[in-house]
Every structure is written in C-alpha cells, then in structure tokens.
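Residue numbers (the numbering used here), protein chains in the order written: chain S, 1 to 485; chain C, 1001 to 1298.
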C-alpha cells in the first residue's frame, strides 16, 4: 500500500441487513383470551409502528374493562378447573414445550423484536430471545420441585396473576413473568406495553401451538387504562409489574386494603464505580455496555458513572474514543451497536434531558457519526463534570445518556452512590477483591456487578431496593412472589 | 534508576474475551470484505522456519511472495518473507529490489536460551546478510523469574545491534500463561525499543489468539496515548483462514484505528493464510469456489 492511501484509509462496514422477508405479520391482531384470538369488546384497534423506519407493522386490539373482565374470568376458570389440579410434572411439560418452540422460532422472534422495538438485531438475536427461552427452561425444572425448594413450608399457588410489562425487553419480560407464574401453578393475564405488543402476540400463537389448556395464559393488549382495569379486578390475586416508578406508586395505592400480592420492578439510576486500580480498558468496555446496551432503555443501566479522580482523564479519553466506534442505525443491520429509540415520546423525553444538562452547564459529548434521518435515533451522549445536584444525575433518563462524576475516596463514592431514591443495581470496577466485598455490603442496590455489567441469568434473582420496587424475579427467589405458605 | 514493571496495568480476562466475542459478531460483507482481504494479504509475513529449510524452499517461497496468484489481477504482494538468518542472502537474491521485505528471526530462535553475545552475533548475521527486519525472542525463563530488567536490557541491546532494521519482539505468549504477563511483557518490549511486538514463534501452542492480541493492541494504544509513538503489532501462528484474518482486522480497526491499518504497522505471521485469502478473493471475482489445485502451494 502506498503511503498516501494509507493515511486516508477508512474501513467502513458495508450494510449487512438481517432478512425480514420470512416474517409473517397479520395486518390486525385480536386479544388472546381463553385459548383463542377474539375481537375486542371495545371494537377499537391501535397501530404499532417500527421506531427504526417509521413504517406501520400491524394494528392491535385495544382491550377495555369488559375485555379485561373476560380475560380474568377465563384465567380464573382455568385455574380452578384445570391448572390447579394438574400434576406439577405435567405443568412442567407445557412450560418446557414453550421454551422449545421459542428456540425453534428464535430467528423470527428476534427480527420482529427488532422491527417492533428498535433494538439492534445483535441484541435480540444473542440476548433477548435466547434468555427468554432459558427462563422457560429454568422454571419448567422447578415446577415439580417446589416442596424441595421450600422444605416443610407447603407452598401453594395464588390464583390469577395480572402481569404488566414494559417496552424495553418485550418478549424477555413476558418470559420473566409467565414462566415462574405457570411453574408455581398460577394462571396469567398479561399485558405488553402498547408500543411493543407484537412478540407477546407471537408468544400467544406459540402458546396456542403448544396446546396449553385454554385460559391458562391470556394476552391482552392496550394502554394504561387496560392495565388499571387489570389491577382493579376483584378476581386477580397477584400483580406483577415492571415499569416506571410513577405507575408503580399508582398500583400500590390501588391495591391498598386488598389482599392482592404484588411484585414491582421499577426505575433505576445505577452507579457504575471505577477505581484507580481497575483494569481500565475493560472498565471502559463495561461502561459502554452498562449505559448503551439497548439504547440505555434498561432499568438497571449504569447511568451514573463515578470515576476516581486520579484516573478520570484517562477513562474519559478512552471512553470517548470507544464511543466513536459505536454504530448507530438500522436495528436490523447486524453491525448496528445502538438501534432506534423506542418511541417518539421517549425520544422527546431524552432530548428534553439533553437540553436540561446543557442548561445546567455540563460539558456535552456526542459521537460524530451521522444518525439516520428517518425513525427515532439518539447519539450516544456523555455529560462530563456532573455533580450530585444536577437533575440529569438525579432523574432517570432511560436513554443513551451517561453522567460522569468524579470522587476521591471510597467513603465518598458509597455515600454518593446511595444518595438517590432508587436502588436497583450498581457496578464496581477494581482489581482488589476485598474492595468489591466491602462495597457490595454497603451499596443499597438489589444487584451489584463486579468487573462486569448487565449480566442476566434465569438462575439469578433480580430486583430492587427503595423506589426501584420490591420482590425478586429469577432464580429460586423468583418463585416466592407467586406462592403462599 | 531501574524501571519497575511490577505495576503495569491489570487485565480482566473475562472482559477481554467478551470484547473479542463482540468483534466476531461484526458482519463483513461485499466491498468491506474485498478491501479487508486484499489488505490482509498485503500484511502477511510469509514464513518458513523449519529445521529442514533449504535454499530451494526459500527461493520458491520468495517467488510466491511476489506472485501470490498471477491469474487474479490487482492482487498486492505480501509484506515480507520471514526466514532463518542463514537464508536471508538467498531470499535477497530472489527478492532483489521488490517491495517485499526480508524479516529474519534471530537471538537463538525459538527458545532464546543462549548468551547475549551469541544472540548479538545471530542478529549481526541477519543484518549483514541484508535483513530489513529482525524478529527476536525474549528470555521467557528470566521473565517468569521476575527478572524484568534482564529482559529489558536484552531487548535494548538487540535493538542497538539492529541499526536501521526494524525490530519485532516475540513475547511467546503461549509460555507466559496469563494475560497480565502478556501485558507486562508488552510494556517491557515497547519501552526497551521494540518497533513491533509479536505474539509467538509458531513453535508453541497456543500461538496467536485474539484475546492475547487484544491485550497487546491495548498496550500499544496506551503507549501511543502517552507518547504519540506508534508501535506495530504482529500476531503469528495459528491464523490460517481468511475469516479469522478479517476478525483480526476488525479488532485492529476498532482498537487502534485506521492509522494502523497497513503493513507498516500490522503484520500476520503465517504460512497458509495467503492461499485461503486467494481462494476467497478468487471466489469474489469468479463467483464460484474453485479447486484448491488451482492455487500454488509454495
């Protein structure tokens, strides 16, 4: 190679779009109640759009209170007449079957997840769908072993579980909710978020294909009022909600004075703490994974970075350089690192926070590569020189925006990390094991990762402290919220 | 004052492996693939380092270095040939003034178990015979004993003997056991004057791996950020397919960037890689895979 060409050389990756011609979406989806797709009593439908391209994907039924009632009664009947009486090992076979079919249809589900939600195909293909299948596999195994999980405590199922899930991990959250509920012998009414209903409806098709007894799982679509009707329904015994802290508080008020059990997994504003003795290059990678995974639409995202002052300059310099290699664009391109923001509302909210941060006088850093003009996109962003008092530090942004604060001592960083209404997760980066154990006992967060970030496994419990909610999902702990003793 | 290498940065092995897995999910297609394959071909140090090497073998390989596949127009040559010091003269006779450089291993390759005097003589033989580049091995025994300054001084002495020739320092990472050691050895080599750092001799398994190469690229990056001085990288041994060469290039591109994406700063030490690249490039030009019998095996 000649020297001239050398200096101008730039190796751009050609587009590598995942094929979507094999995807079959119906123009209109009805409610999945009692084992069948039925027209909504409301007679209303709403449109589901792809945030990456803006195209309309399908229209989806909007369930009203009457529809919710039908679904809950179907679940109640299925519970009383079939599911409660069925031997546990037979229940397990159904759950196992769901897991197998998810695996078989993994590619289709991954593509729909990326079309409907905007997340990069690399994540839906390598993380969301396989992990969803693993949750069903894992809880299938527990179904007939509950008495061993809780010896001498006589675990019993609750009844009908109303489950309301968010738009950031649509199929995975459905799996987190449905799998333990079924394994413990409960029946389910599940509502996906209005902007990402499609993979849940595909899951309804899978459940049909698996011959689950009618009414054991009902999937209804709609907005907040549908969810409110589910929470308020008298035949519901258990509420499981993942979403914003604001809605979590409304749910808590609504069920006060009833004997409905609840699990709430709410917002977060996690501290990701980098000490000067950390493996810095890997820490930078962990920071990127912590905040830019799924466009930052992660309740446990490492959105508050704390760096020890003596390495701050190095970390920020390397972080900026690493961010320049992130590819923002078409969610269906296999090389995309950061896909589309889930909805216009969310993008507006993020942009509002970008303005607030600038107004607060923080140094804004964004990557230089262009983002697509059509669809909803946001460049990966840093706010450098942030303080505990900044709004962008205190409030959950739920986007690819990282605030950077520096600290001097371990006591200081523990105090600052805990100084927030949330307490879902945290990250610690240091080469020293004793420091890790010291911090894990003092940080008030449900999940703490050491020298890694955003790792999930069906065997590991997940959940928060304080305003990040209560109850645990995943692992043996994830069975308890669906049982009485 | 003696340099203290006890405090080189630590490496998190899990983090390194995850990063490598991420590079390997990049989908390299069409134009990107063509450019990448030609670039990889142009970065190869075509190597023969066997006890049974003869003048005949070296001459044939040198011709191949200049004519990788004449039936495919527009192919670059490889970067260099890599031979033992006693074969440098032969290589020079064939390569003459072509762009293909001559690299010679030296310093009691591959074990490095000898005295400094003999290693210097070995290096001098290579240089006097016309080598453009010298590939030395470090004393792994001394390194593992913690005798870092010995290793440093030895590299510095060889560098001094190299004159204008560029020095590649082989760490033999397969014998260093941990990524922390790889990083430490990289730092020692860079500070002692290496122009290139190189993973392996090819005589020890495992030879080059992506995690080890990433650790070394990060050492180069950190040095560059501190001093603005560029150091080259050469993974050697075990890279035999075009696909894996492209994965290394993705790693290079996203770790060190475009400045390093040329054979002045990056090499593949390989003997069979060139032919797999030819096979893939031929398929891109002709539309079909064809028999390996069409590709010369010198």
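Backbone N, C-alpha and C define an ideal beta-carbon position, used for all residues, glycine too.
| Asked | Found |
| --- | --- |
| Test: residue 1012 (chain C) CB closer than 8 Å to a CB of chain S | yes |
| Classification of residue 1093 (chain C) by the beta-carbon crowding that lies within 10 angstroms, buried from 16 upward | exposed |
| Neighbouring residues, chain S, relative to residue 1027 (chain C) (Cβ below 7 Å) | 16, 334 and 335 |
| Near-chain C residues of the stretch 263-297 of chain S (beta-carbon distance less than 7 Å), N- to C-terminal order | 279, 280, 281, 282, 285 and 286 |
| C-alpha distance - residue 1119 (chain C) paired with residue 475 (chain S), whole-angstrom precision | 60 Å |
| Contact set for residue 4 (chain S): own chain, Cβ-Cβ below 8 Å, skip 5 residues either direction | For residue 4 (chain S), the predicted structure reports a pLDDT of 40, less than 50, and the residue's modelled location is therefore unreliable. A value from the coordinates is still provided. Counting only Cβ-Cβ distances below 8 Å, and skipping sequence neighbours, we find nothing. |
| Short Cβ contact (8 Å threshold) for residue 454 (chain S) with residue 227 (chain S) | no |
| C-beta neighbour in chain S for residue 1227 (chain C), strict 8 Å | no |
| Counted within 10 angstroms of its Cβ, other Cβ atoms place residue 331 (chain S) as buried (16 or more) or exposed | buried |
| For residue 133 (chain S), the nearest candidate out of S:106, S:46 and S:261 (CA to CA) | S:106 |
| Residues within the stretch 424-444 of chain S neighbouring chain C, beta-carbon criterion of under 9 Å | 429 and 431 |
| Simplified DSSP state of residue 130 (chain S), which is helix, strand or coil | helix |
| Contacts that residue 1184 (chain C) makes with chain S (C-beta to C-beta distance below 7 Å) | Per Cβ cutoff of 7 Å: no residues; residue 1184 (chain C) is ~13 Å from chain S at best. |
| Short CB-CB distance (under 8 Å) between residue 28 (chain S) and chain C | no |
| Partners in chain S for residue 1016 (chain C), counting only beta-carbon separations shorter than 8 Å | 282 |
| Residue 300 (chain S) versus residue 394 (chain S) - alpha carbon distance | 14 Å |
| Beta-carbon spacing of residue 1268 (chain C), residue 1043 (chain C) below 8 Å | yes |
| Cβ-heavy atom distance, residue 388 (chain S) to the ligand NAP, below 7 Å | For the ligand NAP, the structure offers nothing, since it holds no ligand at all. |
| Best match in S:380, S:186, S:408 and S:41 for proximity to residue 82 (chain S) [C-alpha to C-alpha] | S:186 |
| Touching by the beta-carbon criterion (3+ pairs, under 8 Å), the stretch 1122-1132 of chain C and the stretch 1186-1199 of chain C | no |
| CA-to-CA distance, residue 13 (chain S) to residue 1 (chain S), given in whole angstroms | Reliability of the predicted coordinates at residue 1 (chain S) is poor, the pLDDT of 37 falling under 50, and no value is obtained from them. |
| For residue 429 (chain S): DSSP bridge partner residues | S:274 |
| Cβ of residue 1142 (chain C) within 8 Å of any chain S Cβ | no |
| The stretch 150-159 of chain S / the stretch 469-483 of chain S touching (three or more Cβ pairs under 8 Å) | yes |
| Pick from S:305, S:231 and S:422 that is closest to residue 463 (chain S), judged by C-alpha positions | S:422 |
| As assigned by DSSP and simplified to three states, the class of residue 377 (chain S) | coil |
| Euclidean distance between Cα positions of residue 396 (chain S) and residue 327 (chain S) | 24 Å |
| Inter-residue spacing [alpha-carbon to alpha-carbon] between residue 456 (chain S) and residue 138 (chain S) | 13 Å |
| Straight-line Cα distance separating residue 1052 (chain C) from residue 122 (chain S) | 48 Å |
| Interface residues of the stretch 1023-1047 of chain C facing chain S [CB-CB below 8 Å] | 1025, 1026, 1027, 1028, 1029, 1030, 1031, 1032, 1033, 1035, 1036, 1039 and 1042 |
| Runs of beta strand (DSSP E) lying entirely within the stretch 37-105 of chain S, each at least 3 residues, in chain order | 45-49 and 56-61 |
| N-terminal and C-terminal residue of the alpha helix (DSSP H) that residue 164 (chain S) is part of | No alpha helix (DSSP H) holds residue 164 (chain S); the beta strand (DSSP E) holding it covers 160-164. |
| Rounded Cβ spacing between residue 316 (chain S) and residue 400 (chain S) (contact assumed at less than 8 Å) | So it is not a contact: roughly 17 Å between Cβ atoms. |
| DSSP three-state assignment for residue 304 (chain S), whether helix, strand or coil | strand |
| Other residues of its chain near residue 442 (chain S): CB distance less than 6 Å, five sequence neighbours each side excluded | 414 |
| Test item: CB-CB of residue 1123 (chain C) and residue 1082 (chain C) under 8 Å | no |
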